[in-house]
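**Student:** Residue numbers (my numbering): 83 to 538. Even for Gly, the Cβ is constructed at its ideal location relative to N, Cα and C. Below is the structure I would like to discuss, written out as structure tokens.
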């Protein structure tokens with residue numbers, strides 16, 4: 083009874099429950115992964131490990147937020163359709179033709195993005211690691227890891243498509259299963275002393291297991307789409323590209339905000355400091371994603387409410403979920419700090435992490451990122467990217483802050499303080515934009531509709 087009351091108070095439904103399970107798994111796997119990393123990798127190898135992971139996020143320069151656009155556009159079109167028990171789309175022929183045309187267009191785009199992602203990752207990694215790798219073993223491990231990173235774009239594409247079809251719960255279940263298999267394979271690989279190659283093993287297991295499970299969900303739909311003859315020409319390129327350009331700049335900016343810190347720390351301060359920062363960020367990021375689940379799982383719902391022009395219900399849902407998201411993050415941040423103070427010293431784990439002060443600063447920097455990210459989901463439901471300029475400026479300031487702290491002051495603590503200040507400045511600007519958008523929402527929606535008609 084008390085659990086039911088707590089679930090209602092925190093707005094937990096099945097979609098959120100599965101997302102929480104996925105994020106909780108991320109929280110649980112982190113200390114377990116930490117055990118294997120500390121047991122089977124040196125402190126320097128730990129630095130390379132997390133540099134691999136953060137450089138791997140460079141695949142964003144190929145994908146550029148296109149999965150988010152796929153989810154948005156598919157969910158907008160799916161608002162007028164449904165999936166029957168045989169997992170086939172049903173509804174009016176016009177709506178059916180439109181959504182299948184959209185799916186075929188996006189698949190064609192991804193046939194170019196995947197090889198592009200592999201090329202980008204390989205090239206940048208080879209340049210970066212050639213400075214540290216006299217025997218080419220690290221560079222070779224990176225190239226294989228880059229290949230898995232490119233193929234992961236296909237997994238992201240299919241997942242975005244399913245979420246647009248309101249299969250959020252199914253996607254989360256699949257991600258939970260495949261994520262477990264991937265991490266377990268990494269642990270086994272570390273146990274057998276595969277070192278950095280363990281990341282590639284985990285990548286291949288993730289790709290294969292996820293695609294197999296996705297095929298089970300999309301099988302009948304795939305045959306329906308492949309056999310469907312499109313008679314009407316839709317200008318998806320003209321409609322999507324203006325938003326894609328904005329998303330591209332925003333997603334590139336997000337790389338520097340979320341993933342740049344570890345590689346630049348390795349470049350200026352070495353592998354040891356990069357390793358401590360990387361493992362600490364892996365924990366705070368898992369916490370951030372857990373709290374963000376209250377909003378991210380409702381992206382298709384928010385998109386459909388915009389499509390139906392049910393703004394009052396949309397605001398009610400968002401405000402409630404947003405509050406729950408913030409409360410959850412604050413609570414688990416306090417728990418983490420207590421664990422650091424009272425549990426870590428027992429196992430002498432502190433030397434592998436940031437100091438208590440540095441970790442506290444990092445957590446304070448994550449809170450504005452959570453709020454900013456939640457607001458961005460709300461605004462993107464309207465097919466706009468009003469945070470674009472803020473995101474670009476934030477990315478530039480983040481790079482400047484980290485370079486000043488790490489290079490000029492040679493201090494990770496100073497770099498983190500400056501990084502935190504930048505995040506709060508970005509949040510302040512984002513709140514102003516968010517309020518102005520809501521005050522002029524009807525005018526903005528009318529302009530968006532007019533642009534869609536003109537591009538059709």
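Can you find the residues in the same chain that come closer than 6 angstroms, C-beta to C-beta, to residue 55, ignoring five residues on each side of it along the sequence?
**Tutor:** Residue 55 is absent from the structure shown; the chain starts at 83 and stops at 538.
**Student:** Is the shortest distance between the beta-carbon of residue 487 and the beta-carbons of chain D less than 8 angstroms?
**Tutor:** Included in the structure is just one protein chain, with no chain D present.
**Student:** Quick one: what's got a C-beta closer than 8 angstroms to residue 437's C-beta in the same chain, skipping five residues either side?
**Tutor:** The residues are 495.
**Student:** Secondary structure at residue 230, three-state DSSP: helix, strand or coil?
**Tutor:** It is helical.
**Student:** According to DSSP, is residue 492 helix, strand or coil?
**Tutor:** In this structure, residue 492 counts as coil in the three-state DSSP scheme.
**Student:** Just curious, the alpha helix (DSSP H) that residue 347 is in, first and last residue?
**Tutor:** Start and end: 343-351.
**Student:** Entirely within the region 249-318 and at least 3 residues each: give me those beta strand (DSSP E) ranges in chain order.
**Tutor:** Here no run is fully enclosed.
**Student:** Starting from residue 487 and walking both ways along the alpha helix (DSSP H), at which residues does that stretch end?
**Tutor:** Run containing residue 487: none; DSSP gives neither H nor E here.
**Student:** DSSP three-state label for residue 172, please.
**Tutor:** If DSSP states are grouped into helix, strand and coil, residue 172 belongs with the strands.
**Student:** Given a threshold of 16 other Cβ atoms within 10 Å of its Cβ, counted over all protein chains shown, does residue 398 qualify as buried or as exposed?
**Tutor:** With fewer than 16 Cβ atoms within 10 Å of its Cβ, residue 398 is classed as exposed.
**Student:** Under the assumption that residue 497 contacts residue 512 (Cβ atoms under 8 angstroms), give the Cβ distance between them as a whole number of angstroms.
**Tutor:** Incorrect: roughly 23 angstroms between the Cβ atoms, too far for contact.
**Student:** What are the start and end residues of the alpha helix (DSSP H) that includes residue 418?
**Tutor:** Where residue 418 is concerned, the enclosing alpha helix (DSSP H) stretches over 393-424.
**Student:** Could you tell me the alpha carbon to alpha carbon distance between residue 228 and residue 205, rounded to whole angstroms?
**Tutor:** Whole-angstrom Cα-Cα distance: 9 angstroms.
**Student:** So which of 470, 492, 175 has the shortest CA-CA distance to residue 508?
**Tutor:** For residue 508, the nearest C-alpha among the options comes from 470.
**Student:** Would you call the region 165-180 and the region 381-399 in contact, with 3 or more CB pairs under 8 angstroms?
**Tutor:** The region 165-180 vs the region 381-399: no contact.
**Student:** Have a look at residue 375 and residue 207 and give me their C-alpha separation to the nearest angstrom.
**Tutor:** One C-alpha to the other measures close to 31 angstroms.
**Student:** Quick one, are the C-beta atoms of residue 463 and residue 521 less than 8 angstroms apart?
**Tutor:** Not closer than 8 angstroms, so no.
**Student:** Please report the straight-line C-alpha distance between residue 322 and residue 403, rounded to a whole angstrom.
**Tutor:** Cα to Cα, residue 322 sits roughly 29 angstroms from residue 403.
**Student:** To the nearest angstrom, report how far apart residue 485 and residue 310 are at their CA atoms.
**Tutor:** If I take the Cα positions, the gap works out to 53 angstroms.
**Student:** What residue range is occupied by the uninterrupted alpha helix (DSSP H) comprising residue 439?
**Tutor:** Element bounds for residue 439: 438-462.
**Student:** With distances taken Cα to Cα, identify the nearest neighbour of residue 405 among 414, 453, 458.
**Tutor:** When each option's Cα is compared against that of residue 405, the closest is 453.
**Student:** For residue 164, does the three-state DSSP call read helix, strand or coil?
**Tutor:** Residue 164 falls in the strand class under three-state DSSP.
**Student:** Output needed for residue 144: all residues of its chain with C-beta closer than 6 angstroms, excluding positions within five of it in sequence on either side, in chain order.
**Tutor:** These residues qualify, in order along the chain: 195, 198, 199, 202.
**Student:** DSSP three-state call for residue 149: helix, strand or coil?
**Tutor:** It is helical.
**Student:** Excluding the 5 residues preceding and the 5 following residue 467 in the sequence, name in chain order all residues of the same chain whose CB lies nearer than 7 angstroms to its CB.
**Tutor:** Result list for residue 467: 325, 328, 329, 332, in chain order.
**Student:** Can you tell me whether residue 456 is buried or exposed, with buried defined as 16 or more other CB within 10 angstroms of its CB?
**Tutor:** Buried is the call here.
**Student:** Residue 466 by DSSP, collapsed to three states: which one?
**Tutor:** Looking at residue 466 - three-state DSSP - the assignment turns out to be coil, as it is neither helix nor strand.
**Student:** Return the residue from the list 164, 441, 184, 500 that minimises the CA-CA distance to residue 320.
**Tutor:** Per the Cα distances, 184.
**Student:** Could you say which of 214, 191, 160 lies nearest to residue 350 if we only look at CA atoms?
**Tutor:** The shortest Cα separation from residue 350 among 214, 191, 160 belongs to 214.
**Student:** Is the region 122-129 in contact with the region 300-310, if contact means three or more CB pairs nearer than 8 angstroms?
**Tutor:** Touching, no, given that fewer than three Cβ pairs across the two stretches are closer than 8 angstroms.
**Student:** Going by Cα to Cα distance, which pick from 159, 103, 356 is closest to residue 316?
**Tutor:** With distances taken between Cα atoms, residue 316 lies closest to 159.
**Student:** Evaluate residue 450 with the Cβ neighbour count: other Cβ atoms within 10 Å of its Cβ, from every protein chain shown; 16 or more gives buried, anything less gives exposed.
**Tutor:** Buried is the call here.
**Student:** Would you kindly report the start and end of the unbroken alpha helix (DSSP H) that includes residue 522?
**Tutor:** Neither: residue 522 is in no alpha helix (DSSP H) and is coded neither H nor E.
**Student:** Per DSSP, what kind of secondary structure is residue 328 in: helix, strand or coil?
**Tutor:** Of the three classes helix, strand and coil, the one that applies to residue 328 here is helix, per DSSP.
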